[in-house]
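Report on the structure given below.
Protein chains in written order, with this note's numbering: chain A, 1303 to 1594; chain B, 1303 to 1594.
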C-alpha cells in the first residue's frame, strides 16, 4: 500500500534529525568555549548518544550530556514512532480534536525533537524546546514550543528570548506569536501552585491550516529560533558566580519543574502511555531536585 | 438540617487526630533514642506543626520533621474537608464507583491521615501510610493502606512489616490481607518502569460493607498496625553505616517515588484537584531526589 504521506513524513523526520545535530554541536561548543569562570576547570561536557526503542513500533536517538561546565544535564531526544493508539490515547485525542473514525482506524505516526536543559549556573534559566509532527489517517498536525525557566530571572534574558521567538513567528503570520505566547502562558501554568513555571515562550498544538508546506515551514522556524534565542543569554550568564542560596533556589525551582512535568506535560503523558522508552521520555527530569 | 452521619464523621476525624498524636510522639521518641551511630550527634528532630487550609471548605494540620537523626523528612497530615466535588472529580468517582445522583447533589466530606517518611539511613525503607473516610449523600466508604519502599531491601524487614499488617487485618476478616496485599501490588506498581515502587503492603479503597462500625474498626486497625509494623525495622537499621553508593541508590529510588507520586497517586490527584493546600498535598515529596 503506498502511503500518500510518505514524502512529508520522511522530510519531517529528517528535519528533526538535522536540527538535533545542529543543537548538539552548538551545545558542545558552548561547553568548549567556557574557559573562565565557575566550573571552567572541569572537562568540557560531551553528549552520550544511544538509540531508544518503542516496543510496538519505532524508536529514536537520545543524546544526553551530564556534569559539564555549563550544562548540569541536557537531553536532546528525537524519535519517530508509529502503530496504533491505545483506547485511552484515542479518547484523549478525540476529546481534544474530535477526530471521527479514530476508533475504526487507530493508526498513528509521530516524529519530533524534544530538548530540556538543566544548567549548572543558577543564573542561567533551564530551557525547553519541542517540535513534532503527528499523523493519523484522519488528519495531520504540528505542535511544539519553547519556554524559559529561570529561578533568578533577568528581564534582559526574558526579553531577548521572546523577541527571537517573535521574529521567527512573524515570518509566517503576525498573529502567531501573540496567540502562541498566550497559549504558552496557559499551558505552562502550574494550577496547584497558582503560578507560571517560568517566564513563558510559545506553545502550539493541533496546528493544521490545511497547507502542510506552510505549517512544516513554520514548525521548522520554531526549531531554528531556539539557538539564537537561548545561546546569547547562556553566554551572558555562564561566568556569573553563584551563592549557596542561588543553588538552593535552583534546586527548589527544579522541584516545581518536576511537578509540572509529571503532572501536566502532554509529551510526558503521551510518551509513557504509548510505551516509549521511559528513560527517553523522562530525560527531561532534573538531575537533582529538592522539595521543602 | 440534621446530618444523620454527624456522629460517625466526628468519631472518624477524632480518630485520625489521635492516631496522628500517637505517631508524632513515637517518631520524636525514635529521634531521641538514637544516641549512637550515624547522625546521632545532631539535635534530635522535632515536628513543626502548622494548620492547613482548603479555600472552599475545611482544613487540617500538617506536621513535618526535617533533618533529624533518623528522619530526613517526614510529614504527617490530617485533614477534614468538605464542599462540592468538581465535575472532574465527580466523573472520576462515578467511573470508579458508579454513584448515580452525584451530579445532582455533589456534596462530599472526607477526613483522613496521610504519612510519608523519607529516612536518613538508606538501609531504612521509606514508608507510607494513609487511611481515610469519604462521605457523599449517595454513600460512604473507607480507604487506605501502607507500604514499604526500600532502596536496599532486607527480607527480614519486609516479612515483619507484612506479618504485622496481616495480623491486624486477620482480626476482621481472613480474606482482607490477601485481597488488600494483592491490591497494593497492583496499585503501587509503576507501569512505565515495569516494576513495583517498593516491597508492597496493603491498599484498599471504596471499602463499604454496609456495616459502618465494622469498616471503621478495620480502618482504625490498619492505622494501629503502622507503628508496630514500622518501628522495629527502623530501630534495627538506624545504626547501620552507609556508603556513598548506598546514598546514591537512595536518591535514585526517591526519583522513582516522586514519579509514582505525581503520575499515579490517587490522594495526590484528589488533593490537588480539590484545591487543598499544595504544600500539604505534596508534603510526601522527597527532600532531595535524583534522576539519571
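Backbone N, C-alpha and C fix where the C-beta goes; we use that ideal spot for every residue, glycine too.
* Is there a Cβ from chain B that is less than 8 Å from the Cβ of residue 1560 of chain A? -> yes
* To do: May I have the straight-line CA-CA distance separating residue 1334 of chain A from residue 1420 of chain A, to the nearest angstrom?
  => 17 Å
* **Distance CB(residue 1483 of chain B)-CB(residue 1500 of chain B) smaller than 8 Å** => no
* To do: Identify the contact partners of residue 1591 of chain B in chain D, using a Cβ-Cβ distance below 7 Å as the criterion.
  => Looking at the structure shown, chain D is missing, and the protein chains on hand are A and B.
* Asked: With 8 Å set as the bound, which would you pick, yes or no: does the beta-carbon of residue 1424 of chain B sit closer than that to a beta-carbon of chain A?
  -> no
* To do: Over the uninterrupted alpha helix (DSSP H) stretch that includes residue 1393 of chain B, give me the two end residues.
  => 1389-1399
* Pull up the distance between the alpha-carbon of residue 1591 of chain B and that of residue 1553 of chain B, whole angstroms please. => 5 Å
* Helix, strand or coil at residue 1318 of chain B according to DSSP, with G and I counted as helix -> helix
* Consider the Cβ of residue 1269 of chain A: report whether some Cβ of chain B lies at a distance smaller than 8 Å. => Missing from the structure shown is residue 1269 of chain A; chain A here goes from 1303 to 1594 and no further.
* Asked: Would you say residue 1326 of chain B and residue 1307 of chain B are within 8 Å of each other, going by their C-beta atoms?
  -> no
* Asked: If we cut at 8 Å on Cβ distances, does residue 1353 of chain B have a partner in chain A?
  -> no
* To do: Entirely within the stretch 1562-1592 of chain B and at least 4 residues each: give me those alpha helix (DSSP H) ranges in chain order.
  => 1568-1575, 1580-1583
* Got a sec: is the Cβ-Cβ distance from residue 1587 of chain A to anything in chain B below 8 Å? -> yes
* **Candidates B:1386, B:1364, B:1346: closest to residue 1576 of chain B by CA position** => B:1386
* Roughly how many whole angstroms lie between the Cα atoms of residue 1526 of chain A and residue 1487 of chain B? -> 47 Å
* Where the stretch 1378-1404 of chain A meets chain B: residues whose CB sits under 9 Å from a CB there -> none
* With distances taken from CA atoms, which of A:1397, A:1446, A:1388, A:1407 is nearest residue 1414 of chain A? -> A:1446
* Which residues, in chain order, does the stretch 1445-1457 of chain A contribute to contact with chain B at a C-beta distance below 8 Å? -> none
* Roughly how many angstroms lie between the CA atoms of residue 1556 of chain B and residue 1473 of chain A, to the nearest whole one? -> 46 Å
* Candidates B:1495, B:1433, B:1438, of which the one nearest residue 1504 of chain B by Cα -> B:1433
* To do: Give the secondary structure of residue 1341 of chain A by DSSP, where H, G and I count as helix, E and B as strand, and everything else as coil.
  => coil
* Asked: Between the C-alpha atoms of residue 1403 of chain B and residue 1378 of chain B, what's the straight-line distance to the nearest angstrom?
  -> 34 Å
* To do: Taking 8 Å as the cut-off, decide whether the C-beta atoms of residue 1589 of chain A and residue 1375 of chain A are in contact.
  => yes
* Asked: Are any of the Cβ atoms in chain B nearer than 8 Å to that of residue 1565 of chain A?
  -> yes
* Let me know if residue 1539 of chain A comes out buried or exposed under the rule of 16 or more other beta-carbons within 10 Å of its beta-carbon. => buried
* Return helix, strand or coil for residue 1463 of chain B, following the three-state DSSP convention. => helix
* Asked: Can you name, in chain order, every residue of its own chain whose Cβ lies under 8 Å from the Cβ of residue 1436 of chain B, other than the five neighbours on each side?
  -> 1410, 1411, 1412, 1442, 1443, 1444, 1445
* Asked: Terminal residues of the continuous beta strand (DSSP E) containing residue 1446 of chain B?
  -> 1441-1451
* **Other residues of its chain near residue 1390 of chain B: CB distance less than 7 Å, five sequence neighbours each side excluded** => 1575
* Report buried or exposed for residue 1546 of chain A, applying the criterion of at least 16 other Cβ atoms within 10 angstroms of its Cβ. => exposed
* With 16 as the cutoff for other CB atoms within 10 Å, does residue 1322 of chain B come out buried or exposed? -> buried
* Asked: Does any C-beta atom of chain A lie closer than 8 Å to the C-beta of residue 1584 of chain B?
  -> yes
* Asked: Going by C-alpha distance, which of B:1401, B:1470, B:1324, B:1492 is nearest residue 1508 of chain B?
  -> B:1401
* Asked: If we ignore side chains and look at the alpha-carbon of each, how far apart do residue 1359 of chain A and residue 1489 of chain A end up?
  -> 29 Å
* Shorter than 8 Å from the beta carbon of residue 1530 of chain B to some beta carbon of chain A? -> no
* Asked: Roughly how far, in whole angstroms, is the beta-carbon of residue 1424 of chain A from the beta-carbon of residue 1453 of chain A, given that I think they are within contact range, below 8 Å?
  -> 6 Å
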